[in-house]
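Below is one structure, written out as structure tokens; the observations come after it.
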Amino acid sequence: MPKATQLECSICASRYPADTINNLCTCGGPLLVRYDLDTIRTRWLRRDVPNGPATMWRYAPVLPPSSSAIVSLGEGWTPLLHARRLGSRIGAESLWVKDEGLNPTASFKARGLACAISMCVELGIRKVAIPSAGNAASALAAYAAAAGIEAHIFMPRDVPQSNYIECKAYGADVTLVDGLISDCGRIVAELGPQEGWFDVSTLKEPYRIEGKKTMGYEVAEQMGWELPEAIFYPTGGGVGMIGMWKAFDEMERLGWIGSRRPKMIAVQAEGCQPVVRAYNENEPRSRFYEGAQTLASGLRVPKPLGDFLVLNAVRESGGTAIAVSDEEMLDSGAQLAAEEGIFAAPEGAACVAAAQKLLANGFLKPTDRIVLYNTGSGLKYLEAYSTRFPRTASTEQDKLGGLITPR
Ligand SMILES: Cc1ncc(COP(=O)(O)O)c(C=O)c1O
Ligand SMILES: [Zn+2]
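In my numbering, the protein residues as written are 41 to 447.
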């Protein structure tokens with residue numbers, strides 16, 4: 041089976057060989073991996089897919105690493121759960137949650153970083169660096185550990201505790217930065233060349249998007265190759281949305297689906313909504329969102345590099361962009377947990393609140409098949425959820441910080 045044929049710039053369409061190390065195009069545009077889909081479609085049929093592994097590597101023919109380079113911790117092929125009780129409360133007959141919290145390191149970031157680290161193995165890269173809102177750092181640290189690659193991580197100082205502890209446990213070199221992911225990105229860009237680090241910042245390398253696009257392949261396969269009417273995606277950098285949009289095009293070229301697309305709905309936080317603002321102002325790109333603030337750390341991205349690709353997918357699909365408050369995220373997260381047994385990250389819970397609004401205002405119909413992406417586990421956000429469920433230190437055991445001691 042042929043692998044990737046080339047890398048193509050998403051802005052100027054310049055091409056680069058697939059087997060060379062690249063970050064951005066010389067014009068500054070993100071690079072996309074291209075395949076010989078005309079040949080692949082004759083050798084890999086839709087009905088063969090279920091014979092593949094129960095991971096995202098069941099789609100290996102449209103992923104860039106060769107099989108010997110793959111570094112896997114079991115990422116992908118997450119469940120698509122029918123949310124019946126929540127659906128009936130908010131007026132959706134066919135509401136589904138794609139639960140990405142079940143991935144290694146408990147978020148969908150595992151998909152992108154598994155693919156990127158596998159490509160580092162393939163290309164002989166030994167040192168990587170990442171600016172991260174949190175979960176991407178955890179995933180990078182885990183896959184770098186699995187591959188024996190050196191990982192340098194830059195995260196905001198107020199990142200959730202889970203992300204910091206995970207990265208340290210995986211043996212990464214961690215720097216906490218007084219600032220946002222954009223400040224972390226500047227540091228990586230400055231230090232990277234002199235330190236010999238490969239920069240795996242969102243969209244500054246071509247492979248994370250490839251891993252994340254498998255969320256699009258999976259939802260198609262899990263719905264019997266009939267895409268839903270709407271997809272809600274919590275949008276920070278927007279890579280998952282861009283990846284799924286790419287996956288749908290590839291699947292059409294493979295002859296697996298038709299030309300109909302789901303309405304792609306970008307969900308952001310009220311305190312950081314550059315994509316929503318650009319969508320409402322009819323702009324092709326976003327502006328830097330000053331004073332970005334939200335407890336959904338993954339959504340605290342004030343200026344996504346791939347904003348134009350996200351806005352394009354939203355507009356072409358007839359979708360929309362919508363912001364929800366932090367309060368709404370925690371309320372929806374608690375309701376989703378209590379009604380469906382799914383403890384979502386605030387980012388995923390934001391999709392519940394957004395769906396409720398778009399059903400109430402008639403943008404979506406009760407009969408539409410709706411998929412919400414829960415991009416991570418609520419267990420990674422205990423500081424945020426503990427504001428909803430405070431504990432008072434009333435017993436000796438609690439005073440000891442939860443240590444299990446003999447009574
Ligand atoms: C849990 C969670 N959801 C969503 C996002 C946003 O992801 P994307 O960059 O694909 O928009 C992040 C990014 O950090 C995240 O950690
Ligand atoms: Zn270019």
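Beta carbons are placed, not taken as given, at the ideal position from N, Cα and C, and that holds for glycine.
Spatial distance of Y99 from K252 (CA atoms): In the sequence shown, the residue the question calls residue 99 occupies position 59. In the sequence shown, the residue the question calls residue 252 occupies position 212. When the Cα atoms are used, Y99 and K252 turn out to be separated by approximately 12 Å.
Identity of the residues DSSP links to K167 by a beta bridge: Here residue 167 refers to the residue found at position 127 when the sequence shown is read from its first residue. Residue pairing of K167 in beta bridges, as defined by DSSP: E190.
Residues in its own chain within less than 8 Å of R300 by CB, not counting five upstream and five downstream? Numbered from 1 along the sequence shown, position 260 holds the residue referred to as residue 300. Closer than 8 Å at Cβ, skipping near neighbours: L267.
Mind checking which residues open and close the beta strand (DSSP E) that includes M304? Within the sequence shown, numbered from 1, the residue matching residue 304 stands at position 264. That run of the beta strand (DSSP E) goes 303 to 309.
Does DSSP put I61 in a helix, in a strand, or in coil? Here residue 61 refers to the residue found at position 21 of the sequence shown. In the three-state reduction of the DSSP assignment, I61 falls in the coil class.
For I305, count neighbouring Cβ atoms within 10 angstroms of its own Cβ and tell me buried if that reaches 16, exposed if not. Position 265 of the sequence shown, counting from 1, holds the residue named residue 305. I305 should be labelled buried.
Pull the bridge partners of M195 from the DSSP assignment, please. Translated into the one-based positions of the sequence shown, residue 195 becomes position 155. Under the DSSP definition of a beta bridge, M195 partners with L216.
Using DSSP with H/G/I as helix, E/B as strand and the rest coil, what is D139? Here residue 139 refers to the residue found at position 99 when the sequence shown is read from its first residue. Collapsing the DSSP output to three states places D139 in a strand.
With a CB to CB cut of under 7 Å and the five nearest residues on each side skipped, what residues in its chain are close to G346? Sequence index remark: in the sequence shown, residue 346 carries index 306 (1-based). Exclusion of the five residues before and after G346 leaves P70, L243, G277, G278, V279, I282 as the residues of its chain whose Cβ lies within less than 7 Å of its Cβ.
When you compare the CB positions of A395 and G418, do they come within less than 8 Å of one another, or not? As a first step, residue 395 must be located in the sequence shown, where it is residue number 355. As a first step, residue 418 must be located in the sequence shown, where it is residue number 378. Pairing A395 with G418 gives a Cβ-Cβ distance that is not under 8 Å.
Output the boundary residues of the alpha helix (DSSP H) element that contains Q234. One-based indexing of the sequence shown puts residue 234 at position 194. Residues 221 to 235.
What number of angstroms, rounded off, separates the C-alpha of E368 from the C-alpha of E387? Looking up residue 368 in the sequence shown gives position 328. Looking up residue 387 in the sequence shown gives position 347. Their Cα atoms are separated by approximately 11 Å.
Is V392 helix, strand or coil when you go by DSSP? Mapped onto the sequence shown, residue 392 falls at position 352. For V392, the three-state secondary structure derived from DSSP is helix.
Span of the alpha helix (DSSP H) holding Q375? In the sequence shown, the residue the question calls residue 375 occupies position 335. Element bounds for Q375: 366 to 380.
Candidates E330, N143, K303: which alpha carbon is nearest C312's? Numbered from its first residue, the sequence shown carries residue 312 at position 272. Considering only alpha carbons, the answer is E330.
Can you find the residues in the same chain that come closer than 7 Å, C-beta to C-beta, to A393, ignoring five residues on each side of it along the sequence? In the sequence shown, counting from the first residue as 1, residue 393 sits at position 353. Here the set comprises V364, E368, M369, S372.
Between the beta-carbon of I61 and the beta-carbon of L180, is there less than 8 Å? The residue labelled residue 61 in the question sits at position 21 within the sequence shown. The residue labelled residue 180 in the question sits at position 140 within the sequence shown. Cβ atoms of I61 and L180: not closer than 8 Å.
For ligand 2, residues whose Cβ lies under 5 Å from any non-hydrogen atom: Ordered along the chain, the selected set is C49, I51, C52, S54, C65, C67, G69.
Completely contained alpha helix (DSSP H) runs for the region 48 to 113, where each covers 4 or more residues: Segments of the alpha helix (DSSP H) lying fully in the region 48 to 113: 77 to 83.
What are the residues that DSSP puts in a beta bridge with P274? Stepping through the sequence shown from its first residue, residue 274 is reached at position 234. BP columns for P274 point to V307.
Between the region 215 to 234 and the region 145 to 157, do at least 3 Cβ pairs fall closer than 8 Å? The answer is no - the region 145 to 157 does not touch the region 215 to 234, with fewer than three Cβ pairs under 8 Å.
So, with DSSP's three-state summary, where would you put R151? As a working note, residue 151 is residue 111 in the sequence shown. The answer is helix: DSSP assigns R151 an H, G or I state.
Flag T242 as yes when its Cβ comes closer than 7 Å to any non-hydrogen atom of ligand 3, and as no otherwise. Inclusion of ligand 3 in the displayed structure is not the case, the ligand content consisting of ligand 1 and ligand 2 alone.
Report the three-state DSSP secondary structure of R317 (helix, strand or coil). Here residue 317 corresponds to residue number 277 of the sequence shown, with the count starting at 1. Under the three-state reduction of DSSP output, R317 falls in the helix class.
Which residue wins for smallest C-alpha separation from C49, given the options K43, P57, C65, Q234? Position 9 of the sequence shown, counting from 1, holds the residue named residue 49. The candidate whose alpha carbon is nearest that of C49 is C65.
Tell me whether A394 counts as near ligand 1, meaning its Cβ is closer than 7 Å to at least one heavy atom of that ligand. Locating residue 394 in the sequence shown gives position 354, counting from the first residue. No, ligand 1 has no heavy atom inside 7 Å of this Cβ.
Please return the same chain residues whose Cβ sits closer than 7 Å to the Cβ of S357, not counting the five positions on each side in sequence. For the purposes of this step, residue 357 is taken as residue 317 along the sequence shown, with counting starting at 1. Excluding positions up to five away in sequence, the list reads R301, P302, K303, M304.
Relative to the alpha-carbon of P93, which residue among T118, D78, L77, V73 has its alpha-carbon at the smallest distance? What you label residue 93 is simply residue 53 of the sequence shown in a count that begins at 1. Closest option to P93, judged by alpha-carbon separation, among T118, D78, L77, V73: T118.
Could you tell me the distance, in whole angstroms, from the CA atom of S158 to the CA atom of A374? Taking the first residue of the sequence shown as position 1, residue 158 is located at position 118. Taking the first residue of the sequence shown as position 1, residue 374 is located at position 334. Cα to Cα, S158 sits roughly 36 Å from A374.
What is the DSSP secondary structure of Y257, counted as helix, strand or coil? Locating residue 257 in the sequence shown gives position 217, where the first residue counts as 1. Reduced to three states, the DSSP call for Y257 is helix.
Contact set for R409: own chain, Cβ-Cβ below 6 Å, skip 5 residues either direction: What you label residue 409 is simply residue 369 of the sequence shown in a count that begins at 1. Answer for R409: S134, P268, E269, listed in chain order.
Reducing DSSP to helix, strand and coil, say where N414 ends up. The residue labelled residue 414 in the question sits at position 374 within the sequence shown. N414 sits in a strand when the DSSP states are folded into three classes.
Does the beta carbon of N352 fall short of 7 Å from some heavy atom of ligand 1? Within the sequence shown, residue 352 is the residue found at index 312, counting from 1. Incorrect: N352 has no Cβ contact closer than 7 Å to ligand 1.
With C-beta atoms as the reference, is L126 less than 8 Å away from W136? Your numbering for residue 126 matches position 86 in the sequence shown. Your numbering for residue 136 matches position 96 in the sequence shown. In this structure, W136 does not lie closer than 8 Å to L126 by Cβ.
Looking at the unbroken beta strand (DSSP E) that takes in L120, where does it start and where does it end? On the sequence shown, residue 120 is found 80 positions in, with the first residue counted as 1. Note, L120: beta strand (DSSP E), 120 to 122.
Is F288 closer than 8 Å to Y413 when the C-beta atoms are compared? Taking the first residue of the sequence shown as 1, we reach residue 413 at position 373. Taking the first residue of the sequence shown as 1, we reach residue 288 at position 248. The answer is no: Cβ separation not under 8 Å.
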